[in-house]
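In UniProt numbering, the protein residues as written are 1 to 142.
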């Protein structure tokens with residue numbers, strides 16, 4: 001807790017409590033993530049403790065398994081800083097570009113950083129491929 005407070009002095013102590021951080025740490029370690037890795041994820045995003053359980057539940061509903069969620073968190077802890085609204089918008093973008101709903105868990109588990117990109121960033125990447133003469137008319141087929 002002291003390391004997190006030291007790292008993020010701009011957050012008033014009332015914004016996150018030691019109890020909330022301990023709960024988040026316990027939640028992640030109960031999922032099988034090591035205490036060191038869990039502390040690292042929480043240290044990067046201390047406000048995550050408020051919404052961690054709802055984000056995990058949303059990822060499970062999307063179809064990611066317990067183990068895939070853990071791997072995704074460890075490979076891209078910044079995803080914990082995103083809102084569920086951003087996740088929903090991201091899923092809608094992929095569906096609109098031809099990615100089947102059944103393939104979304106696979107997509108997010110092999111490329112967890114895809115969950116942290118902005119929609120504008122994704123649009124610009126898609127435009128680049130179209131302008132460079134790529135035969136892609138839609139997103140790749142999965």
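From the three backbone atoms N, C-alpha and C, an ideal C-beta is built for every residue, glycine too.
- Taking a contact as a CB-CB distance under 8 Å, the pair residue 116 and residue 76 counts as one, their CB atoms being some 6 Å apart.
- In chain order, 52, 53 place their CB closer than 7 Å to the CB of residue 27, counting only its own chain and leaving out the 5 sequence neighbours on each side.
- A check of alpha carbon separations from residue 67 across 82, 123, 30, 43 identifies 30 as the nearest.
- In this structure, the CA atom of residue 86 is about 10 Å from the CA atom of residue 92.
- In the three-state scheme derived from DSSP, where H, G and I count as helix and E and B as strand, residue 76 is classed as coil.
- Apart from the 5 residues on each side of it in sequence, residue 88 has no Cβ closer than 8 Å to any other Cβ in its chain.
- With contacts defined as CB atoms closer than 7 Å, residue 64 and residue 105 qualify as a contacting pair.
- Under the three-state reduction of DSSP, residue 63 is assigned to coil, being neither helix nor strand.
- Within the region 107-134, no run of beta strand (DSSP E) at least 3 residues long lies entirely inside it.
- Of the other Cβ atoms in all chains shown, fewer than 16 fall within 10 Å of the Cβ of residue 57; this residue is therefore exposed.
- In this chain, the alpha helix (DSSP H) harbouring residue 26 covers 18-30.
- The C-alpha of residue 118 is placed about 13 Å away from the C-alpha of residue 126.
- Residue 94 and residue 107 do touch by the CB rule: their CB atoms are close to 7 Å apart, below 8 Å.
- Within its own chain, the residues whose Cβ lies closer than 8 Å to the Cβ of residue 40, once the five positions on either side in sequence are excluded, are 77, listed in chain order.
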